[in-house]
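The structure appears below as structure tokens.
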Amino acid sequence: GQQVMQIPQYQHVQEGEDFTTYCNSSTTLSNIQWYKQRPGGHPVFLIQLVKSGEVKKQKRLTFQFGEAKKNSSLHITATQTTDVGTYFCAGQENNDMRFGAGTRLTVKP
Amino acid sequence: DAGVIQSPRHEVTEMGQEVTLRCKPISGHNSLFWYRQTMMRGLELLIYFNNNVPIDDSGMPEDRFSAKMPNASFSTLKIQPSEPRDSAVYFCASSLSAGIWGPTNEKLFFGSGTQLSVL
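In order, the protein sequences belong to chains V and X.
Residues in the first sequence are numbered from 1 upward in steps of one, following the numbering used here.
Residues in the second sequence are numbered from 1001 upward in steps of one, following the numbering used here.
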């Protein structure tokens, strides 16, 4: 079945540094979604990517979907303390959506 | 819109007791999902409903777990009897879904979750 691997598991950065998390699927995805979960909170939808090679930006966040639709990345430029939390990707294939394990980001002021 | 509403927020119970978690999806959403989150296993899909019908319950751990959706505005997840290894955060999520085959391109709206501790 579909497997969604996400790395790294943890990332600690100094405020102002960049951050990237990667998702890789064992199969071709129809779309991929990204969620953010603040400590003690619930996952909140950030964005969805559907097209091969698609790139979307939300302020300091850049999301990419690979050409083969098997991988994706989330890049945060110049992290801020408000970026702390766990970032999850969720890959969908047919009627199966699977979440990656998440990358927990901590930011040192 | 009040969002997805879950109750209780916290539940502490003793092993062997019955636990019932409740969820009210966003009005108009026709898909509902129950997830379990632990440090070891991350976010696991337990079951999802489309138009109140259970579509896939392959993620339900064992017979001790059951879920119902008697109408479009209410769902329950029941654990009977509960065990310490069931301790986790249980999330309910809802979405608009165009078809009966499960998650589509629609984003999920999560509730605040129920923190379950089984002693």
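Don't be surprised by glycine CBs; every beta carbon is placed ideally from N, CA and C.
Does the Cβ of residue i have 16 or more other Cβ atoms within 10 Å, making it buried, or fewer, making it exposed?
| i | result |
| --- | --- |
| R98 of chain V | buried |
| H42 of chain V | buried |
| G91 of chain V | buried |
| E1014 of chain X | exposed |
| T103 of chain V | buried |
| A1088 of chain X | buried |
| Y1048 of chain X | buried |
| G1028 of chain X | exposed |
| V1012 of chain X | exposed |
| Y10 of chain V | exposed |
| M1039 of chain X | exposed |
| K57 of chain V | exposed |
| A78 of chain V | exposed |
| T81 of chain V | exposed |
Name, please, each residue of chain X whose Cβ falls closer than 8 Å to the Cβ of residue i.
| i | result |
| --- | --- |
| H42 of chain V | F1091, F1110, G1111, S1112 and G1113 |
| G102 of chain V | G1042 and L1043 |
| I58 of chain V | Note on residue identity: the sequence assigns Gln, not Ile, to residue 58 of chain V. Going along chain X, no residue has its Cβ under 8 Å from Q58 of chain V, so there is no contact; the nearest lies around 14 Å. |
Relative to the C-alpha of residue i, which candidate in the options has its C-alpha closest?
| i | options | result |
| --- | --- | --- |
| S1097 of chain X | X:I1026, X:T1038, X:S1007 and X:A1002 | X:I1026 |
| T1020 of chain X | X:A1067, X:D1057 and X:D1063 | X:A1067 |
| S1095 of chain X | X:E1106, X:R1064, X:R1085 and X:S1087 | X:E1106 |
| D1057 of chain X | X:Y1035, X:S1073 and X:N1030 | X:Y1035 |
| L144 of chain V | V:A101, V:C89 and V:G85 | Residue numbering for chain V in the displayed model covers 1 to 109; residue 144 of chain V lies beyond these limits and cannot be assessed. |
| R1085 of chain X | X:L1116, X:N1071, X:S1112 and X:A1093 | X:L1116 |
| S30 of chain V | V:P8, V:E54 and V:V13 | V:E54 |
| Q1080 of chain X | X:R1064, X:L1045, X:H1010 and X:N1052 | X:R1064 |
| F63 of chain V | V:K108, V:G16, V:T21 and V:Y10 | V:T21 |
| W34 of chain V | V:Q80, V:T27, V:I76 and V:N94 | V:I76 |
| Y87 of chain V | V:E17, V:S26 and V:F45 | V:F45 |
| D96 of chain V | V:T27, V:V107, V:K51 and V:P39 | V:T27 |
| G66 of chain V | V:R38, V:E93, V:Q58 and V:I32 | V:I32 |
| P1008 of chain X | X:E1083, X:K1078 and X:L1108 | X:K1078 |
| S1122 of chain X | X:Q1017, X:F1033 and X:L1045 | Residue 1122 of chain X lies beyond the stretch modelled for chain X, which goes from 1001 to 1119, so this question has no answer here. |
| S52 of chain V | V:R60, V:K69 and V:R38 | V:K69 |
| N94 of chain V | V:V50, V:T81 and V:R38 | V:V50 |
| M1060 of chain X | X:L1046, X:S1082 and X:L1108 | X:L1046 |
| L112 of chain V | V:D83, V:G40 and V:N71 | Outside the displayed span of chain V (1 to 109) sits residue 112 of chain V, for which this structure offers no information. |
| C187 of chain V | V:Q3, V:T81 and V:K59 | Outside the shown range of chain V, which is 1 to 109, sits residue 187 of chain V, and nothing can be said about it. |
| R1022 of chain X | X:L1108, X:G1113 and X:V1118 | X:G1113 |
Name the chain X residues that come within less than 9 Å of residue i, Cβ to Cβ?
| i | result |
| --- | --- |
| Q64 of chain V | By Cβ distance, chain X contributes nothing, its closest Cβ being about 18 Å from Q64 of chain V, past 9 Å. |
| F19 of chain V | Chain X residues near F19 of chain V: none, gap ~19 Å exceeds 9 Å. |
List the residues of chain X that residue i touches, going by C-beta distances under 7 Å, in chain order.
| i | result |
| --- | --- |
| Q33 of chain V | K1107 |
Taking the runs of the alpha helix (DSSP H) that are 4 residues or longer, which of them lie wholly in the region 1056-1118 of chain X?
When DSSP assignments are scanned along the region 1056-1118 of chain X, no uninterrupted stretch of alpha helix (DSSP H) that is 4 or more residues long falls wholly within it.
What ranges does the alpha helix (DSSP H) occupy inside the region 54-105 of chain V, keeping only unbroken runs of at least 4 residues that lie completely in it?
none
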